[in-house]
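Protein sequence lines, in the order shown, are assigned to chains A, B, C and D. Sequence positions in the first sequence follow this note's numbering and run 11 to 432. Sequence positions in the second sequence follow this note's numbering and run 11 to 432. Sequence positions in the third sequence follow this note's numbering and run 11 to 432. Sequence positions in the fourth sequence follow this note's numbering and run 11 to 432. Have a look at the structure below, then the notes.
4 protein chains.
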Amino acid sequence: MFSEKIELEGHIIDSLLLPKVLDEILTGGGTFTIREIKIGKQPTDPSHASIDVFGPSPEAVDDILRRLRQHGAEVVEQKNVRLVEAPADGVFPPDFYVSTNQQTFVHCHGKWIEVRPASMDCGVAVDLQKHEAQTVKFSQVRKGMLIAVGHHGIRVMPFERSTDRHGVFEFMASNVSSEKPKSAVIREVASEIRLARKSGGKVLVVAGPAVVHSGAGEHFEKMIERGYVNRLFAGNALAAHDIEQALYGTSLGVYLAGGALAEEGHENHMRAINTIRGAGSIPAAVASGVLRHGIMYQCVKHHVDFVLAGSIRDDGPLPEVITDVLAAQRLMRSKLEGVTIALMLCTMLHSIAVGNLLPAHVKTICVDINPSVVTKLSDRGTFQAIGLVTDIEPFLRELTGFLALAESEDHSTHAQAAAVPA
Amino acid sequence: MFSEKIELEGHIIDSLLLPKVLDEILTGGGTFTIREIKIGKQPTDPSHASIDVFGPSPEAVDDILRRLRQHGAEVVEQKNVRLVEAPADGVFPPDFYVSTNQQTFVHCHGKWIEVRPASMDCGVAVDLQKHEAQTVKFSQVRKGMLIAVGHHGIRVMPFERSTDRHGVFEFMASNVSSEKPKSAVIREVASEIRLARKSGGKVLVVAGPAVVHSGAGEHFEKMIERGYVNRLFAGNALAAHDIEQALYGTSLGVYLAGGALAEEGHENHMRAINTIRGAGSIPAAVASGVLRHGIMYQCVKHHVDFVLAGSIRDDGPLPEVITDVLAAQRLMRSKLEGVTIALMLCTMLHSIAVGNLLPAHVKTICVDINPSVVTKLSDRGTFQAIGLVTDIEPFLRELTGFLALAESEDHSTHAQAAAVPA
Amino acid sequence: MFSEKIELEGHIIDSLLLPKVLDEILTGGGTFTIREIKIGKQPTDPSHASIDVFGPSPEAVDDILRRLRQHGAEVVEQKNVRLVEAPADGVFPPDFYVSTNQQTFVHCHGKWIEVRPASMDCGVAVDLQKHEAQTVKFSQVRKGMLIAVGHHGIRVMPFERSTDRHGVFEFMASNVSSEKPKSAVIREVASEIRLARKSGGKVLVVAGPAVVHSGAGEHFEKMIERGYVNRLFAGNALAAHDIEQALYGTSLGVYLAGGALAEEGHENHMRAINTIRGAGSIPAAVASGVLRHGIMYQCVKHHVDFVLAGSIRDDGPLPEVITDVLAAQRLMRSKLEGVTIALMLCTMLHSIAVGNLLPAHVKTICVDINPSVVTKLSDRGTFQAIGLVTDIEPFLRELTGFLALAESEDHSTHAQAAAVPA
Amino acid sequence: MFSEKIELEGHIIDSLLLPKVLDEILTGGGTFTIREIKIGKQPTDPSHASIDVFGPSPEAVDDILRRLRQHGAEVVEQKNVRLVEAPADGVFPPDFYVSTNQQTFVHCHGKWIEVRPASMDCGVAVDLQKHEAQTVKFSQVRKGMLIAVGHHGIRVMPFERSTDRHGVFEFMASNVSSEKPKSAVIREVASEIRLARKSGGKVLVVAGPAVVHSGAGEHFEKMIERGYVNRLFAGNALAAHDIEQALYGTSLGVYLAGGALAEEGHENHMRAINTIRGAGSIPAAVASGVLRHGIMYQCVKHHVDFVLAGSIRDDGPLPEVITDVLAAQRLMRSKLEGVTIALMLCTMLHSIAVGNLLPAHVKTICVDINPSVVTKLSDRGTFQAIGLVTDIEPFLRELTGFLALAESEDHSTHAQAAAVPA
């Protein structure tokens, strides 16, 4: 839905202006919300109304507005966006417009152009020839690019959660605290993941090393094996701990099976990295039979597109790790195409980084035992994220359980269907 | 094991005093630990050794010491405990000895008397006629009681975790953080609970209302049904939320099944309390068919001895709630007899309160998603408590799963045994 | 402000009904908010408007409504409250109305009666003779009392934060996280406290033992000395640790001055309690010169009305501690008269307990280094509470600093005023 | 102190072997600790003693050991370190020794060579020609380098906190919880910083953006102005928020002075980055008068050597930010020379990253309001770090206060000294 705000002044109620305007909107195929009516306190005082006009497209709304103007309705701001040339490579003009992660349009020569992709904390570069607008990061700015400045002629479409069905991403006004029941939410996440897969949406998982430490790796592997993960964004730590676990059975020197400390186990982490560096790459280690299970093994086997982004805490790192953070951001951004659901598991750094890149319409669920991770993600602008304060191992266990259950129900339904005689 | 500390002075190494003393200890059936040997820097300087002598009983150690004294070993402090009359009801003499939760002896007229029950932050009252010593709380003190003062003649036996098997309560030096794998620990807790039941030990559960909010109530019910819970200490909140859930399907107004808010659901909590007050008591509500499931229902059905202790946050409260906190403490203390394992689930207030009452030898595990609860319990003196930072619902789900699994293994073993032909 | 909701149906815009109704409201001295206008999609479809009418008193609104009804405005629900006799002492009738902490009115025989005091999670007892309504706790219910049931005829006035000045309690939509600057907020709290004192409002402090452990006690003492504290609600622990500190210089066995552990310091806590029990009471210990500084000393010296409520964690307790939690709740409730600002410092138990008793108009600020305490207070219904996630020692240091600064400014202003020649 | 472990077997007590050995050690200028004495249970059973021999240098210990061997003392392991060639650039040989952050020696051709610099999670490369050993990161490994493998011939000198004075870094066995008094600790930190400066040690500060958000920036600026900061390691966020604050008075869009939200304030952050990118660098912005206060301004003015390391969360980044994480690690490592004290303020990522690089002898204090940051730093191997769970703004306010106080005391002492007549 596209909208414009109009304002009416004068004796709008006595003079029947208001009813006429509303009638015109409905006639034009639009709808409206009366945001404010201020009635003059004295009969002679002027009144004022502020109305949002909605229509199915920018053109339809423009049509309605043209007619409303004849009734004296004033359309609030519909100026062209102001464009200024970037003064240098990597530098925006002063007062450049800073994007949000919502669907955004700029008004250029009487038309509204959608800015793509929706991404927060970017500038907006407009190509007047091609009639295109795109969000650009600092590093993408080239001298002379036309960049939107100020706030006029820019319209943001607030992302509205659909109200027609009562899924988890709709009814959850806020985060799920540690004290609330979570099974219902996890079941919903499972059905969203299945829905994404059926409709061709991509499932992105952003995961921290606690997925491995906590013993949740095996559940995550199952998700990958069954085809529920399309993209994995992580850091060196997740991959290194996973590979340590695959090679030595330990994670940070702790045997996952029994919880006991391995002798000299803290070294396993370094040896795991060294082994993969010796093999040349993770796929090479899989190919040569050195790496035979674990999350990264499954990613290679099942063609999950993974990005390992570097951080200053990294040991090693593994050969696949992209040590330049701008390059890592660019790569992650390029792999968001088609993502409709994102699971952020136990990593503040990567969750916020990816949250910064995601458009608001991507369904995002953040799982962490620490409530502050969940809170910070929303605070940093990824307001669409739903937080679940819980332990990752039982979360992934239950999630894979729901996914498996749904599959077996599908099978029995198909079997029944097949059994129905013609 | 009982011990005394001895000190040796002089040319203890040259003169062969040390070897003789050590030999004497071994001959007497004791063992020793050399705590400190200070050798004179110059040949003429005297040396010094400090040795702990251990024996199976106070008498055996006394025997050994008598002989060691003939070698010049000086026994460090073995004075009688000093006893002073309590100056008034409820008041200890100044400088009274404050107990720990460890096994403790007082030395009286040449004998060591065990103080019972082991309980921290009490005074020690000695009955010279009966030759008995007991820990007493302020409220139990009566004018003229003989109370131990100072530190002489009092011996504490540090509780030592057995090292002969490698159970969870032995190998866990510290708490299990949220990042560690927990399944192995939970399996161990299950086998400790089964061990307790087999050996006639009582299982105490201390539970907060999050057990209900989080949807873990059904697992807890199963534990009760199968006879794994002997005592339940909780507050008004646990019982009220459980009964709300049993009567209305909500907990704090949230439907547990779907996570949605019930209309006017916040009132259900008050109505649940009112219903039970109307019935007269929880057992009465069970008897009349008003209360037909839930934790409290199962407690009534399966004769779990429960104590509901009041707090200033309580609404209602339910008829069973003991609103006087000293009376509640007394009642809880009286029900600790025979308890060998305590599970503390999601309640800081009750965990610390019960921790204050428990002897150190009771195996104690504290489960909370908030690490600070676990830390505080240890800080407040319940150092034997093992902490598990995790979500309560999956914890109890997995625990009951392990218990059920072990039972079915027992059955199949029995069945096999029965099937063996004579 | 008092309000009623009216509804208009029909051709309310074409027929000029809406303007007439709005005019009538203004003429009658009221104001209005148009909550909803639904305009028929077809010219012949009826429209619908829903309008809140506000007036300075229930009577004024009634007056306006009477006139509006002549225009066809339908007044939404204005039924009498339904009253049912309590079936037994301590038991409400089924379906009893559960109060909130907001200003509430019940409609009885055509009149609106205010329910006093505003207090959450109570029933509402109506005295038809006296034309009075009061909130009653379970324990206050007597058989035969007339209790409000259902929701008809009951009106809650949502507490609205004043918008005329920009104090901390107005602009703070939510809690102050640990990452935000706090000096500005603390300065505002100081000026609210001074404002309360000037206008005769009472300042309530609810404090936990961390006030003493953290070394903040000396600042709190200064607040008391200077007359900024009228009521203190706390538990045995705050008083015991404060007295331990006054008598031995330690808190939980830690020397506050240097942070070092005192030898056998864990016993000081018990000895402090014993000393006061020996003296008979805290005031007796002050009178006899045993207790010569600290928070409790200052409370006695400066006539702060304190309530020490018991909990099952308590050692001792001190003679003043009210060990029956219902008695403690009653006493605290009786001492809320006149309280206009409440500071809740480092205690989850007491903060939630007192939060349950406070009317919504009391300005409430909750200070704790643990964000979950602050969150839980709001979750439990004390939504007016502002949370400050910070360390208590620097908070109280800064607060007393601002109070002292404001005093010295007052003095210099007075001095200047006095110096102005006539 | 250097040490070797020796073992004695046989009738060591009867035969006077033990006294002779101990005497020999003392005569040789060494000292000893008896780690274990196991006396045969039967007179004919052999005994066993394990003794650590300490001496002022490896040579002195070697001397003593040579003589002890004549008494039958067996020196436990003194084999040469095993060296294997690195198989490829960036790859260690399998079974390579993984370093700790403690002082370490490798035994080569009868000599102990110190490994420099002490740094955890590295390999150890030995240059046999130069008789040197150095820790190397994966990226520093070149094919053919001789790398230490296994554990023989490698000796780690456990860092021992000095016991001769009772500073904060000595008496603090563990972290300072949020409930403990902190002033004494902060005063000690101040005197350690002053001590570092007097003795030519460098002070390193590692800081996160919460230093700015919380309003602590002004205190930090004072520390820099007065010369108490030699190195600053931070990320893009600290610098960007500091510069935002310097240019617009806001931090994350919040006005620091009043806590109110700035209109469109969330954009200031991006504009601040853009301004510096436009200027070319932070020093250029200072030189041109664009940047006139704040932390980064003071760093430029007072020649603080700062490193800004990139992360995938970064916006911008600022021109100085090193976007390659390996390059950033290398640069930070190169700037640790001479650092004797490190303050880690409100940043988990940078604290752990720098903790990984620091030798164990650097006094390290970690300040965060979140206890888990402090705990994780120790868990990840920086065990020497002392944690202070508190709010950063009051911490830095108090720290700069103590530093200023000490300075003024110095001045008055000097003034007095100068005033003393000859």
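For glycine and all other residues, C-beta sits at the position ideal for the given N, C-alpha and C. This structure is a prediction, so every number in the text was calculated from the model and none was measured.
I'd like to know if the stretch 113-133 of chain B and the stretch 190-206 of chain B are in contact, where contact means that at least 3 CB-CB pairs between them fall below 8 Å. With contact defined as three or more Cβ pairs closer than 8 Å, the stretch 113-133 of chain B and the stretch 190-206 of chain B are not in contact.
Residues of the stretch 395-409 of chain A with a CB closer than 9 Å to any CB of chain B: list them in chain order, please. When CB distances to chain B are screened at a threshold of 9 Å, the residues of the stretch 395-409 of chain A falling below it are Val399, Thr400, Asp401, Ile402, Glu403, Pro404, Phe405, Arg407 and Glu408, in chain order.
Would the beta-carbon of valine 116 of chain B fall within 7 Å of that of valine 91 of chain B? If you number the second sequence from 1, residue 116 of chain B lands on position 106. If you number the second sequence from 1, residue 91 of chain B lands on position 81. Taking C-beta atoms as the reference points, valine 116 of chain B and valine 91 of chain B count as a pair closer than 7 Å.
Output needed in chain order: residues of the stretch 217-236 of chain D with a Cβ under 8 Å from some Cβ in chain A. If the cut-off is 8 Å between Cβ atoms, the stretch 217-236 of chain D has nothing near chain A.
Flag this pair as yes or no: are the beta carbons of alanine 319 of chain C and glycine 245 of chain C separated by less than 7 Å? Indexing the third sequence from 1 puts residue 319 of chain C at position 309. Indexing the third sequence from 1 puts residue 245 of chain C at position 235. The answer is yes: Cβ separation under 7 Å.
Return yes when the Cβ of glutamine 308 of chain A is within less than 7 Å of the Cβ of glutamate 235 of chain A, no when it is not. Translated into positions along the first sequence, residue 235 of chain A becomes position 225. Translated into positions along the first sequence, residue 308 of chain A becomes position 298. Yes, they are a contact pair.
To the nearest angstrom, how far is the alpha carbon of leucine 406 of chain D from that of glutamate 202 of chain D? Taking the first residue of the fourth sequence as 1, we reach residue 406 of chain D at position 396. Taking the first residue of the fourth sequence as 1, we reach residue 202 of chain D at position 192. For leucine 406 of chain D and glutamate 202 of chain D, the distance between alpha carbons rounds to 15 Å.
What is the rounded straight-line gap between the Cα of lysine 89 of chain A and the Cα of glycine 326 of chain D? Residue 89 of chain A sits at position 79 when you count from the first residue of the first sequence. Residue 326 of chain D sits at position 316 when you count from the first residue of the fourth sequence. Straight-line Cα distance between these residues: approximately 29 Å.
According to a CB-to-CB cut-off of less than 8 Å, which residues of the stretch 364-378 of chain C neighbour chain D? Nothing from the stretch 364-378 of chain C brings a Cβ to less than 8 Å from some Cβ of chain D.
Considering only DSSP beta bridges, list what methionine 167 of chain A is partnered with. In the first sequence, the residue the question calls residue 167 of chain A occupies position 157. According to DSSP, methionine 167 of chain A bridges with A:Gln113.
Mind pulling the chain B residues with CB within less than 8 Å of isoleucine 362 of chain C? As a first step, residue 362 of chain C must be located in the third sequence, where it is residue number 352. Arg323, listed in chain order.
Cβ pair count under 8 Å reaching 3, the stretch 402-422 of chain D against the stretch 224-234 of chain D: Judged by Cβ distances under 8 Å, the stretch 402-422 of chain D makes contact with the stretch 224-234 of chain D, as three or more pairs qualify.
In terms of DSSP beta bridges, what is cysteine 376 of chain C paired with? As a first step, residue 376 of chain C must be located in the third sequence, where it is residue number 366. When beta bridges are read from the DSSP output, cysteine 376 of chain C appears opposite C:Met354 and C:Gly397.
As assigned by DSSP and simplified to three states, the class of lysine 232 of chain B: Numbered from its first residue, the second sequence carries residue 232 of chain B at position 222. Lysine 232 of chain B sits in a helix when the DSSP states are folded into three classes.
Between the C-alpha atoms of arginine 171 of chain B and isoleucine 286 of chain A, what's the straight-line distance to the nearest angstrom? One-based indexing of the second sequence puts residue 171 of chain B at position 161. One-based indexing of the first sequence puts residue 286 of chain A at position 276. The predicted model places arginine 171 of chain B with a pLDDT of 46, which falls under 50 and marks its position as unreliable, so this point remains unresolved.
Given this structure, state the Cα-to-Cα distance separating asparagine 284 of chain C from methionine 306 of chain C, to the nearest angstrom. The sequence position of residue 284 of chain C within the third sequence is 274, counting from 1. The sequence position of residue 306 of chain C within the third sequence is 296, counting from 1. Looking at the two C-alpha atoms, the distance is approximately 16 Å.
Roughly how many angstroms separate the alpha carbons of threonine 37 of chain C and isoleucine 74 of chain C, rounded to a whole number? Residue numbering aside, residue 37 of chain C sits at position 27 when the third sequence is read from its first letter. Residue numbering aside, residue 74 of chain C sits at position 64 when the third sequence is read from its first letter. The alpha-carbon atoms of threonine 37 of chain C and isoleucine 74 of chain C are separated by roughly 9 Å.
In angstroms, rounded to a whole number, what distance separates the CA positions of isoleucine 396 of chain D and arginine 343 of chain D? What you label residue 396 of chain D is simply residue 386 of the fourth sequence in a count that begins at 1. What you label residue 343 of chain D is simply residue 333 of the fourth sequence in a count that begins at 1. Taken atom to atom, the span from the alpha-carbon of isoleucine 396 of chain D to that of arginine 343 of chain D is near 21 Å.
C-alpha distance - alanine 337 of chain A paired with aspartate 334 of chain D, whole-angstrom precision: One-based indexing of the first sequence puts residue 337 of chain A at position 327. One-based indexing of the fourth sequence puts residue 334 of chain D at position 324. Whole-angstrom Cα-Cα distance: 9 Å.
Tell me, to the nearest whole angstrom, how far the beta carbon of arginine 77 of chain A is from that of tryptophan 122 of chain A; I am working on the premise that it is less than 8 Å. For the purposes of this step, residue 77 of chain A is taken as residue 67 along the first sequence, with counting starting at 1. For the purposes of this step, residue 122 of chain A is taken as residue 112 along the first sequence, with counting starting at 1. The Cβ separation is near 18 Å, so there is no contact.
Chain D within 7 Å of glutamine 150 of chain A, Cβ atoms only: For the purposes of this step, residue 150 of chain A is taken as the residue at position 140 of the first sequence. No, because no Cβ of chain D sits closer than 7 Å to the Cβ of glutamine 150 of chain A.
Give a yes or no on whether the C-beta atoms belonging to glycine 290 of chain A and valine 101 of chain D are separated by under 7 Å. Here residue 290 of chain A refers to the residue found at position 280 of the first sequence. Here residue 101 of chain D refers to the residue found at position 91 of the fourth sequence. No, the Cβ-Cβ distance between glycine 290 of chain A and valine 101 of chain D is not below 7 Å.
Would you say aspartate 72 of chain C lies against chain B (beta-carbon separation less than 7 Å)? Reading the third sequence from its first residue, position 62 is the one you call residue 72 of chain C. With respect to chain B, the C-beta atom of aspartate 72 of chain C has no partner C-beta closer than 7 Å.
Indicate the three-state DSSP secondary structure (helix, strand or coil) for leucine 18 of chain C in the structure shown. As a first step, residue 18 of chain C must be located in the third sequence, where it is residue number 8. DSSP, reduced to helix, strand and coil, places leucine 18 of chain C within a strand of the structure shown.
Which chain D residues are close to lysine 192 of chain C, counting only those with a beta carbon under 9 Å from its beta carbon? Against the third sequence, residue 192 of chain C aligns to sequence position 182. Close partners of lysine 192 of chain C in chain D (Cβ separation under 9 Å): Ser224, Gly225, Gly269, Asp401, Glu403 and Pro404.
Going by DSSP, what residue range makes up the alpha helix (DSSP H) through leucine 205 of chain D? Counting from 1 along the fourth sequence, the entry for residue 205 of chain D is found at position 195. If you look at leucine 205 of chain D, you'll find it in the alpha helix (DSSP H) that goes 193-208.
In three-state DSSP terms, what is arginine 175 of chain A? On the first sequence, residue 175 of chain A is found 165 positions in, with the first residue counted as 1. Its pLDDT being 39, under 50, arginine 175 of chain A is placed unreliably in this model, and the value from its coordinates should be taken loosely. DSSP, reduced to helix, strand and coil, places arginine 175 of chain A outside both helices and strands of the structure shown, so it counts as coil.
Inter-stretch contact at 8 Å, needing at least 3 Cβ pairs: the stretch 14-23 of chain C / the stretch 219-228 of chain B: Result no; under three Cβ-Cβ pairs closer than 8 Å.
Among C:Gly40, C:Gly348, C:Leu368 and C:Gln150, which has the Cα closest to the Cα of arginine 323 of chain B? Residue mapping note: residue 323 of chain B aligns to position 313 of the second sequence, counting from 1. Minimum Cα distance to arginine 323 of chain B is reached at C:Leu368.
Which residues in the same chain have their Cβ closer than 7 Å to the Cβ of lysine 345 of chain A, if we skip the five residues on either side of it in sequence? On the first sequence, position 335 is the one that residue 345 of chain A refers to. Result list for lysine 345 of chain A: Arg241, Asp315 and Val317, in chain order.
Check whether the Cβ atoms of isoleucine 375 of chain D and valine 221 of chain D sit closer than 7 Å, and answer yes or no. Counted from its first residue, the fourth sequence places residue 375 of chain D at position 365. Counted from its first residue, the fourth sequence places residue 221 of chain D at position 211. No. Outside cutoff.
In chain A, what lies closer than 8 Å to serine 382 of chain D by C-beta? If you number the fourth sequence from 1, residue 382 of chain D lands on position 372. Residues of chain A with a Cβ closer than 8 Å to the Cβ of serine 382 of chain D are, in chain order, Asn380.
Give the residues of chain D in contact with alanine 338 of chain A, contact being defined as C-beta atoms less than 7 Å apart. Residue mapping note: residue 338 of chain A aligns to position 328 of the first sequence, counting from 1. Those are Ile322, listed as they occur along chain D.
Is it right to say leucine 415 of chain D is buried, meaning 16 or more other beta carbons lie within 10 angstroms of its own, or is it exposed? Position 405 of the fourth sequence, counted from the first residue, corresponds to residue 415 of chain D. Around the CB of leucine 415 of chain D, fewer than 16 other CB atoms lie within 10 Å, so the residue is classed as exposed.
Three-way DSSP call (helix, strand, coil) for lysine 212 of chain A in this model: Here residue 212 of chain A is taken as the residue at index 202 of the first sequence, counted from 1. DSSP, read as helix, strand or coil, puts lysine 212 of chain A in strand.
Do lysine 30 of chain A and alanine 98 of chain A have their beta-carbon atoms positioned less than 7 Å apart in this structure? On the first sequence, residue 98 of chain A is found 88 positions in, with the first residue counted as 1. On the first sequence, residue 30 of chain A is found 20 positions in, with the first residue counted as 1. No.
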